[in-house]
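With UniProt numbering, letter number 184 in the sequence shown gets 184, and the count goes up by one each step, no holes. Notes follow the structure.
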Amino acid sequence: MFQIIRNIFVIRELRNKVLFTLAILVIYRLGAAIPVPGIDLSIIKDLFQGGILGFLDLFSGGALARFAVFSLGIMPYITATIIMQLLQMVIPRLEEWAKEGETGRRKIQQIARYMTVGLALLQSTGMVFFFREAMVDHTWPYIFLIIVTLTSGTTLIMWLGELITQFGIGNGISLLIFTSIISEMPGAIIQMVRLGEINIFRIGLIGIIALAVVVGVIMIQQGERRITVQYAKQIRGRRVYGGRGTYIPLKVNQAGVIPVIFASSVLLFPAMIAQFFPGGLTQVIADMLSPAPGPGNVINPVYIGLYSVLIIIFTYFYSAVVFNPTLGKMPLVFGHPLKFRTSGFPAVRLQVQAPSSLQ
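Structure representation (structure tokens):
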């Protein structure tokens, strides 16, 4: 690890990538701190005292509670990407593009960008009408200005994430999400220490637990089962080609973080709808589907239970979508069929047992 840190300062190309990434993250945090003009922030702040809105504000890095330019965050882009991945399984043209390599992926990504703008327009319109009490001006030109501002903010975030992926250290969208989540943690910890709700020992314990969780996640994410593939020897003239063995890496976590995002979206949608109709049964539903129904409730067991069940269900089905071991009668591994004439699995009869062995 120390060698990697040293390389950041020694290798010029790596240093430039890190500095570029940090500059983009600074721009991202500035956009999350600049509020949309004409909004009464005191009313907005009262609405975010716990509940489902407080949970949503966590993923925006505090931008939602400030009604900032980046209030919508990167969620519209993530939603559009997930939709495009699912559509690849039902639309043949998209499936063909996915198998074309880099050219096809660019076409799919371009459609995802347009879909992101559309979703951002819908979400920004919903936000304007949901927080209409905090607006100082209710004229249509001003409403249109806010909608365009929020949509432009999401589009800019999408572009910043792609810049980090292309010219920075990579994984731009993931870095933006990570930055949003941890940005509010230092202030929250300092506030808890001042109020006497937490001490240095608990902070150290939380740090150790967090480190253990990160290590465990990395081990699971990097874990894989390697299925040996043997290639047949081919004789051409006096030379012998092939005969070497390789392997197919089957990741332990095929679905990645997508099931977690799916589960969050499914639980947040009815809770957000219930926010528009406060009181009565809708308020009960909103509290049940909220991670913290009120300021004094840290954990909601109903939410945790439903969240866990949905993650398991989505992981099962999404793994089947991402990794399809069969394509007709041909084994398929990450979209590339094995060539039966020159390759196969040791001790496995080709064309008959290969698909079932992968399953």
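In this text, a Cβ means the ideal position worked out from N, Cα and C, and glycines have one as well.
Using CA coordinates, which residue listed in the options is at the minimum distance from residue i?
{"i": "Ala188", "options": "Gly61, Gly153 and Val26", "result": "Gly61"}
{"i": "Phe167", "options": "Thr139, Gly38 and Glu13", "result": "Glu13"}
{"i": "Leu145", "options": "Thr154, Glu133, Val128 and Thr315", "result": "Val128"}
{"i": "Ile169", "options": "Ala98, Val18, His138 and Lys107", "result": "Val18"}
{"i": "Val321", "options": "Thr165, Ile218, Leu87 and Pro37", "result": "Leu87"}
{"i": "Ile227", "options": "Phe201, Thr246 and Ile200", "result": "Thr246"}
{"i": "Ile78", "options": "Arg113, Trp97 and Met89", "result": "Arg113"}
{"i": "Leu41", "options": "Trp97, Phe131, Arg105 and Val26", "result": "Phe131"}
{"i": "Ala32", "options": "Asn171, Met219, Thr81 and Glu184", "result": "Glu184"}
{"i": "Phe323", "options": "Met89, Val10 and Val26", "result": "Met89"}
Does the distance from the C-beta atom of residue i to that of residue j stay below 8 Å?
{"i": "Ala63", "j": "Ile44", "result": "no"}
{"i": "Val257", "j": "Leu310", "result": "no"}
{"i": "Leu72", "j": "Leu121", "result": "no"}
{"i": "Ala68", "j": "Ile34", "result": "yes"}
{"i": "Val117", "j": "Thr155", "result": "yes"}
{"i": "Leu119", "j": "Ile108", "result": "no"}
{"i": "Tyr318", "j": "Ala263", "result": "no"}
{"i": "Arg15", "j": "Ile5", "result": "no"}
{"i": "Gln110", "j": "Pro76", "result": "no"}
{"i": "Leu205", "j": "Arg225", "result": "no"}
{"i": "Ile182", "j": "Ile74", "result": "no"}
{"i": "Ser290", "j": "Tyr303", "result": "yes"}
{"i": "Phe70", "j": "Gly161", "result": "no"}
{"i": "Ile198", "j": "Met192", "result": "yes"}
{"i": "Ile157", "j": "Thr125", "result": "no"}
{"i": "Thr21", "j": "Ile164", "result": "yes"}
{"i": "Val229", "j": "Ile248", "result": "yes"}
{"i": "Tyr142", "j": "Gly38", "result": "yes"}
{"i": "Ile285", "j": "Pro301", "result": "no"}
Have a look at the DSSP bridge pairing and note the partners of residue i.
{"i": "Met192", "result": "Answer is none; Met192 lacks a bridge partner."}
{"i": "Tyr114", "result": "Bridge partners of Tyr114: none, in fact."}
{"i": "Met75", "result": "Answer is none; Met75 lacks a bridge partner."}
{"i": "Tyr247", "result": "Thr228"}
{"i": "Pro35", "result": "Ala68"}
{"i": "Met135", "result": "Ile39"}
My guess is that residue i and residue j are in contact by the Cβ rule of under 8 Å, so how many angstroms apart are they, rounded?
{"i": "Tyr28", "j": "Leu176", "result": "6 Å"}
{"i": "Val252", "j": "Gly223", "result": "4 Å"}
{"i": "Ile91", "j": "Met115", "result": "Rounded, the Cβ-Cβ distance is 13 Å, inconsistent with contact."}
The segment 129-136 touching the segment 95-110, judged by at least three CB pairs closer than 8 Å: no
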